[in-house]
Amino acid sequence: AQRVTQPEKLLSVFKGAPVELKCNYSYSGSPELFWYVQYSRQRLQLLLRHISRESIKGFTADLNKGETSFHLKKPFAQEEDSAMYYCALVMDTGRRALTFGSGTRLQVQP
Amino acid sequence: NAGVTQTPKFRVLKTGQSMTLLCAQDMNHEYMYWYRQDPGMGLRLIHYSVGEGTTAKGEVPDGYNVSRLKKQNFLLGLESAAPSQTSVYFCASSQTADTQYFGPGTRLTVL
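Below, the structure written as structure tokens:
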């Protein structure tokens, strides 16, 4: 069965420091991976997806199939990055539902 | 566009009571999903639908039923609520499922 692991419940950094939110997955097929973010008092929203290879709000994530990882990185954290981050996996089947990790709360201190 | 809306926002039930949560989307999306969010467990899929008139079980379907009679609506029912169903419920919709759009959530407490 597919599984997404986010080992850190809380990551606290200072403004301007680099950030890396870890995500590992287990899936035997060809995965599609996403990062979703939930800011305080806002609904969950897509941050980025691996197939787009894009940078959103300074965040990037590279799929490493060898290490089955999809870590989220940003070189210089901002206070407005404080939020709950979820890594998610979609199987390549008709269901298209997301399997979420348990989430990591990023706290950026001034 | 309102996007994805959920009704109600909050609800308190007694054990054994029933209720229906309504999810509505105005984006003409084919796929709709119900998730529950519990502390330390992320979001888990309850039921989903790949089109009007279709529903299927997700990861944690027991104790819930769903219906998708209209494309824009996806209803989640609890026939006999239990304290273990205390959670925050999120609805989502998508077209190609590359991006899921989430509702604001419903906070349900079962006493």
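The listed protein sequences correspond, in order, to chains A and B.
Take the first sequence: its position 109, counted from the start at 1, is 98 in my numbering, and no numbers get skipped.
Take the second sequence: its position 100, counted from the start at 1, is 81 in my numbering, and no numbers get skipped.
Beta carbons: idealized from backbone N, C-alpha and C, even for Gly.
By the CB criterion at 8 Å, residue 17 (chain B) and residue 68 (chain B) fall inside the cutoff. Cβ contact annotation for residue 25 (chain A) (same chain, cutoff 7 Å, sequence separation greater than five): 33, 34, 35, 36, 75, 77, in chain order. By the C-beta criterion, the region 46 to 56 of chain B is judged to be in contact with the region -3 to 13 of chain B, since at least 3 inter-stretch pairs fall below 8 Å. Scanning the region 11 to 36 of chain B for uninterrupted beta strand (DSSP E) segments of 3 residues or longer gives 12 to 18, 24 to 30, listed from N- to C-terminal end.
In this structure, DSSP gives residue 9 (chain A) an extended state, which the three-state scheme calls strand.
The contact set of residue 26 (chain B) on chain A, defined by CB atoms closer than 8 Å, consists of 86, 87, 88 in chain order.
For residue 28 (chain B) against residue 45 (chain B), the beta-carbon gap comes to about 6 Å, under 8 Å, which counts as contact. In the DSSP assignment, residue 41 (chain B) falls outside any beta strand (DSSP E), carrying neither H nor E. Chain-order list of chain A residues neighbouring residue 34 (chain B): empty, with the shortest C-beta distance near 16 Å, by a criterion of under 8 Å. The beta carbon of residue 85 (chain B) sits closer than 8 Å to some beta carbon of chain A.
The beta-carbon separation of residue 57 (chain B) and residue -4 (chain B), rounded to 18 Å, does not stay under the 8 Å limit for a contact.
Any Cβ of chain B closer than 8 Å to the Cβ of residue 32 (chain A) would place that residue at the interface, and such an atom is present. Annotated as distal: residue 49 (chain B) and residue 74 (chain B), with beta-carbon spacing of 8 Å or more. Taking 8 Å as the upper bound for CB-CB distance, residue 7 (chain A) and residue 46 (chain A) are not in contact here, some 15 Å apart.
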